[in-house]
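Novice: Attaching a single structure in structure tokens format; questions to follow.
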Amino acid sequence: MLEEKKNMELPTAVPTTRIRSDRTAIFIAVLALVVSLSANFFNYLFTNSVHTDIQKQKLELDKFQANIELVTSNMRKKIDDDRLLLDAQIASSTEKFEKQRIQIENQHGRTEKIHRTMSFTKLFKDLRPTIEIDCQRGKIYTAKINKNTIPVDCSFKNLGTLKANIIPVTLIMIGGEDYKDIDGAIERIDNNEENSILPGKISASRYYVVLTENGANNLRKASFKIGFQAFTDAAAIGAIKQRTKETITDEELKKLSGQVYTFTFQL
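In the working numbering, the protein residues as written are 116 to 382.
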């Protein structure tokens, strides 16, 4: 009976071992599955984490790039603005320089004109004869003198810087109660030749005034008014002409070199 009981217990022991073996296998399989799932999960987490980091880095890079582009754009705008400002300043400086250049040239032109004017003024002053005249009735009588002939002695002093010539051109007798011109009183002037006077020198001329009967009858309390034409010597005019040939015509030069004087004295 005992052996039979033993024999009966032996078959039940085998399944227990198998069960344990199966459980172990299942456990190992489950564990392997868990490990596999964990590995995949951790791999997923790692991959996702890496992907997230990449996305963050990409966003940071995009943001950094956007900042760089903004800074670059601002720098470009600043450079363009500075260039425009510089161009404007250059243009303004160029305009100011041009204005200053024109002003300097105009001032230089005015200065040259003033110098030229001053030079011409002095030249014209030198060109125009300046004569000091003194005339009176002659006191020394000659054979030419009679009741109808009056001697007139004139003294000329050249105050100018160039040689000058002078000649009487008109003569009028003034008298009567109204002290007016006496018509037909003068017949002619004898010895009315040119008198040449050097600068700073004095020269004299005697003229013989021939009267009409009307003039002779009105000598009492009468006066002579003599008109003289003075002009610069031709040689001096020729020298000046060479200096002024581009600015002054011969006709203008002729007018500038002449001067009319009038001298009145009582007989």
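Even glycine gets a Cβ: it sits at the ideal position worked out from N, Cα and C.
(1) Determine whether the beta carbon atoms of Ala349 and Ala279 lie at a separation below 8 Å.
(2) Mapping DSSP to helix, strand and coil, what is Arg358?
(3) Could you tell me if Ser372 is buried or exposed, where buried requires 16 or more neighbouring beta carbons within 10 angstroms of its beta carbon?
(4) Can you find a CB in chain B that lies within less than 8 Å of the CB of Ile255?
(5) Can you tell me whether Phe179 is buried or exposed? The criterion is at least 16 other CB atoms within 10 Å of its CB, across all chains shown.
(6) Put Arg198 into one of helix, strand or coil per three-state DSSP.
(7) Which residues share a DSSP beta bridge with Ala319?
(8) Is Thr285 helix, strand or coil by DSSP?
(9) Taking the alpha helix (DSSP H) that Asn310 falls in, what are its first and last residues?
(10) Whole angstroms are fine: how far does the CA of Glu184 sit from the CA of Leu174?
(11) Considering only residues of the same chain and omitting the five flanking positions on each side of Thr226, which have a CB-CB separation below 7 Å?
(12) What's the C-alpha gap between Asn189 and Ala203?
(13) Using alpha carbons as the reference points, say which of Ala144, Asp197 and Leu238 lies closest to Gln357.
(14) So what's Gly253 in DSSP terms, helix, strand or just coil?
(15) Asn273: buried (16+ other C-beta within 10 angstroms of its C-beta) or exposed?
(16) Which stretch, first to last residue, makes up the beta strand (DSSP E) that contains Glu444?
(17) Is the beta carbon of Tyr376 sitting closer than 8 Å to the one on Phe339?
(18) Please report the distance separating the alpha-carbon of Tyr294 from that of Met288.
(19) DSSP state of Asn280, grouped into three classes?
(20) Using CA atoms only, rank isn't needed, just tell me which of Gln218, Thr236, Arg216 and Glu247 is closest to Ile363.
(21) Whole angstroms is fine: what's the gap from Gly275's alpha carbon to Glu213's?
Specialist: This is what the structure gives:
(1) Sequence index remark: in the sequence shown, residue 349 carries index 234 (1-based). Sequence index remark: in the sequence shown, residue 279 carries index 164 (1-based). Result no, Cβ atoms of Ala349 and Ala279 do not sit closer than 8 Å.
(2) Stepping through the sequence shown from its first residue, residue 358 is reached at position 243. Helix.
(3) Walking along the sequence shown from the start, residue 372 turns up at place 257. Result: buried.
(4) Annotation note: the requested chain B is absent from the structure, which comprises a single protein chain.
(5) Within the sequence shown, residue 179 is the residue found at index 64, counting from 1. Its Cβ having fewer than 16 others within 10 Å, Phe179 is exposed.
(6) For this step, residue 198 is matched to residue 83 along the sequence shown. Annotated three-state conformation of Arg198 is helix, per DSSP.
(7) Translated into the one-based positions of the sequence shown, residue 319 becomes position 204. Paired residue(s): Ser270.
(8) For the purposes of this step, residue 285 is identified with residue 170 of the sequence shown, where counting begins at 1. DSSP places Thr285 in strand when its eight states are reduced to three.
(9) Residue numbering aside, residue 310 sits at position 195 when the sequence shown is read from its first letter. Taken as a continuous stretch (DSSP letters only), Asn310 belongs to no alpha helix (DSSP H), being part of the beta strand (DSSP E) at Asn310 to Ile312.
(10) Your numbering for residue 174 matches position 59 in the sequence shown. Your numbering for residue 184 matches position 69 in the sequence shown. Taking C-alpha positions only, Leu174 is separated from Glu184 by approximately 15 Å.
(11) Here the question's residue 226 lines up with position 111 in the sequence shown. Low confidence applies here, because Thr226 scores a pLDDT of 49, under 50, leaving its location unreliable and the question unanswered by this model.
(12) Taking the sequence shown and counting its residues from 1, one reaches residue 189 at position 74. Taking the sequence shown and counting its residues from 1, one reaches residue 203 at position 88. Distance between the alpha carbons of Asn189 and Ala203 is about 20 Å.
(13) If you number the sequence shown from 1, residue 357 lands on position 242. Taking only the C-alpha atoms, the option nearest Gln357 is Leu238.
(14) Translated into the one-based positions of the sequence shown, residue 253 becomes position 138. Gly253 falls in the coil class under three-state DSSP.
(15) The residue you call residue 273 lines up with position 158 of the sequence shown. In this structure Asn273 is buried. Its beta-carbon is surrounded by 16 or more other beta-carbon atoms within 10 angstroms.
(16) There is simply no residue 444 to check, as the chain begins at 116 and stops at 382 in what is shown.
(17) Against the sequence shown, residue 376 aligns to sequence position 261. Against the sequence shown, residue 339 aligns to sequence position 224. Result no, Cβ atoms of Tyr376 and Phe339 do not sit closer than 8 Å.
(18) Looking up residue 294 in the sequence shown gives position 179. Looking up residue 288 in the sequence shown gives position 173. Looking at the backbone, the Cα of Tyr294 and that of Met288 are separated by about 10 Å.
(19) Here residue 280 refers to the residue found at position 165 when the sequence shown is read from its first residue. In the structure shown, Asn280 sits in a strand (DSSP, three-state: E or B).
(20) Taking the sequence shown and counting its residues from 1, one reaches residue 363 at position 248. Across the set Gln218, Thr236, Arg216 and Glu247, the C-alpha of Thr236 shows the shortest separation from the C-alpha of Ile363.
(21) Within the sequence shown, numbered from 1, the residue matching residue 275 stands at position 160. Within the sequence shown, numbered from 1, the residue matching residue 213 stands at position 98. So the alpha carbons of these two residues sit roughly 46 Å apart.
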